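Chains as they are written, first to last, in our numbering: chain E, 1 to 209; chain V, 1001 to 1538.
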């Protein structure tokens, strides 16, 4: 069942196959839940939102004709719900930029301290972005969507995706650097990327030859 | 991102001077990193990066942030808790499956198609018919006396079926006839015998049709007849002129006139016109290579002008000996577009595609190799939903596309080690050999020509690209993209040029790039099907 492709899965879901929902949930549940968590403050909220999204997905799957990739469609449904959720919270008067859950709550899947620290640092930097910029960064970097997929999903031109990402990264860079300036640097041994960088700096980029 | 890397950026090395090009490139750096730029822009950015330390630094910092974000993303996307999973699965049961009725549009489609076909036919008729009269002025002109001589053409038994095939054999095909007729008139534009353009020009089609008085009636009658016989589009103009064939002996008269007009000094440099001239110049028997080059440069408008530094100095050198197809082509390539770096850019990259057993393991191994040789994974292709979907699909395994930058002196070793990771796909095998030849040649040139530095001019490695034979690659080393013919090393003029080129600051700037080589590596996971490995095993 796990080995079937998206098209077959859609067909099974549309026919009402008993095992298809489980396969579908296993395939997309993690990604949708991860997205939902970004727009909610507590794990309980995130689970409710995820369920809301899946109700809509299962309801709408019969209308899905495969014009777009299944994953793009799933993301669209999910993102619509997430944005609606954000609107609801705005109406309730909750601060928008506090979407991120507390780092300790978010980072429980990160077992290692270094990873937890990394996550905390990255989350803090992401929190400084505007919602639009953060959206693009999350979809492109964390969820691996291409520019075209982001544009399609957010209904904005690809050029806008490009410029938002560019601006967001400039901001992230300043933010992360100032973070590093505040903390004590560890001494890390060896060559590797740092030396590669020196190499890059000394020579011109190879591709331009 | 590693802290140490940031420290390197912050304080470990002196900060690079700010980017001179400023805002022109920095908005594109992220997209460059993500492989999301169109090819030309990508080359432009790559070229800029070669000379701008500040932007390279920025791109490096970005790639570190990307690494961090992806790590967080991977950690975030964990399996669902059992309870939530169960909840979601049960959700499906709450929503009863219902069959959507088929959209009504489906059933309406045949009608839609019929309707659009009708519209298309009407439009075609409207477009072609007036143009037809314009296109065959001599025919319109002759039809009046012909009609008069016969008194009443309408009374004739109307030999439509005879006339139409005589002028255009396919005219009887109803739908195709219109298009056929149009090309029939337009095709000879490429011209055979130039004929005096004057008569055709003088007879303006509209005037010719109206002045003789009777002709409008004639053509109206002809139209009626045509409609009766359902030969709608193409037959009409021909029908009224049974003697056209006799009166205008050459079917392509109008075409010839057009071509003679085209031969007039072109005041507008339309793209088509200049292409025509370009082809013309290319096809003409070679009188002097130099003249031909100039002609070509003139024909290929703006870029050609920019290419003058490449093309014009080439003129005196090979005046006597046309150096063969490859040489001339190379010369034009460099001269016509002027940018030696620009053209050279994609050539120095080597593509390598491998079928690997386990993608993750191989990907990790690439990292190790890069670490050992002091290279870098400069960027990784966007993962994308499509790529993720492919893992679920039946046709394709997962792939990973990497851009590696390795020190040139380690290039061969790296390539060997990378090849060991999997099976080199046959299509990249040949290219790999060429690239290796070029690299070896570059190294030899480096060691023989300049003891201290890296003198091998990077553009010279263009030999690794498709058309150039591997044997030509060593010969090109050092001659540089700026070389005129590209393929004639013993030419003293070329050698001189090379020296000059080396002296120019722009050229020496690119020398620094010679110590890095780029590899575009594609790792493709093999499908664990039993059939395929069995095939591949022997």
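Quick reminder that beta carbons are idealized off the backbone N, C-alpha and C, glycines included.
None of these values were measured; they are calculated from a predicted model.
Contacts of residue i in chain V (Cβ-Cβ under 9 angstroms)
i, result
"residue 137 of chain E", "1069"
"residue 41 of chain E", "Result: empty, since nearest Cβ-Cβ is about 16 angstroms, beyond 9 angstroms."
Option nearest residue i by Cα separation, candidates the options
i, options, result
"residue 1403 of chain V", "V:1363, V:1069, V:1061, V:1018", "V:1363"
"residue 54 of chain E", "E:75, E:9, E:42, E:41", "E:75"
"residue 177 of chain E", "V:1095, V:1077, V:1121, V:1062", "V:1062"
"residue 1082 of chain V", "E:30, E:136, E:149", "E:30"
"residue 1043 of chain V", "V:1058, V:1054, V:1025", "V:1025"
"residue 1360 of chain V", "V:1421, V:1029, V:1095", "V:1421"
"residue 1075 of chain V", "E:64, E:82, E:120", "E:120"
"residue 1355 of chain V", "V:1072, V:1091, V:1400, V:1370", "V:1400"
"residue 1353 of chain V", "V:1371, V:1524, V:1368, V:1379", "V:1524"
"residue 142 of chain E", "V:1095, V:1120, V:1071", "V:1071"
"residue 26 of chain E", "E:71, E:130, E:144", "E:71"
"residue 1357 of chain V", "V:1398, V:1350, V:1378", "V:1398"
"residue 170 of chain E", "E:154, E:133, E:145", "E:133"
"residue 44 of chain E", "V:1373, V:1087, V:1034", "V:1087"
Minimum Cβ-Cβ distance from residue i to chain E less than 8 angstroms
i, result
"residue 1038 of chain V", "no"
"residue 1369 of chain V", "no"
"residue 1415 of chain V", "no"
"residue 1477 of chain V", "Here residue 1477 of chain V scores only 36 on pLDDT, less than 50, and its place in the model should not be relied on; the value that follows carries that caveat. No, residue 1477 of chain V lies away from the interface with chain E (no Cβ there is under 8 angstroms from its Cβ)."
"residue 1091 of chain V", "yes"
"residue 1084 of chain V", "yes"
"residue 1358 of chain V", "no"
"residue 1079 of chain V", "yes"
"residue 1023 of chain V", "no"
"residue 1521 of chain V", "no"
"residue 1018 of chain V", "no"
Residues bridged to residue i [DSSP beta-bridge criterion]
i, result
"residue 1517 of chain V", "V:1406"
"residue 951 of chain V", "Since the first residue of chain V shown is 1001 and the last is 1538, residue 951 of chain V is not available in this structure."
"residue 1424 of chain V", "V:1354"
"residue 1524 of chain V", "V:1355, V:1399"
Beta carbon proximity, residue i to chain V, threshold 8 angstroms
i, result
"residue 165 of chain E", "yes"
"residue 77 of chain E", "no"
"residue 86 of chain E", "no"
"residue 176 of chain E", "yes"
"residue 33 of chain E", "yes"
"residue 66 of chain E", "no"
"residue 217 of chain E", "Summary: the structure shown does not reach residue 217 of chain E, with chain E confined to residues 1 through 209, and so no result is reported for it."
"residue 131 of chain E", "no"
"residue 113 of chain E", "no"
"residue 122 of chain E", "yes"
Under 7 angstroms by beta carbon: chain V residues contacting residue i
i, result
"residue 141 of chain E", "1066, 1069, 1070, 1073"
"residue 47 of chain E", "1084"
"residue 21 of chain E", "1089, 1092"
"residue 44 of chain E", "The contacting residues do not exist; residue 44 of chain E stays about 10 angstroms from chain V at best."
"residue 119 of chain E", "1072, 1075"
Residue i: contacting residues in chain E (beta-carbon distance under 8 angstroms)
i, result
"residue 1030 of chain V", "162, 165, 166, 169"
"residue 1095 of chain V", "55, 58, 59"
Chain E residues whose Cβ lies nearer than 7 angstroms to that of residue i
i, result
"residue 1027 of chain V", "163, 166"
"residue 1061 of chain V", "173"
"residue 1525 of chain V", "Within chain E, no residue comes near residue 1525 of chain V; the closest Cβ sits about 14 angstroms away, beyond 7 angstroms."
Neighbouring residues, chain V, relative to residue i (Cβ below 8 angstroms)
i, result
"residue 172 of chain E", "1065"
Residue i at chain C interface by Cβ criterion, 8 angstroms
i, result
"residue 12 of chain E", "Absent from the structure is chain C; the protein chains it does hold are E and V."
| task | Could you name each continuous alpha helix (DSSP H) segment of 4 residues or more that falls completely within the segment 58-91 of chain E, going from the start of the chain to the end? | result | 70-91
| field | Segments assigned alpha helix (DSSP H), at least 4 residues, entirely inside the segment 1013-1087 of chain V | value | 1026-1033, 1039-1051, 1053-1076
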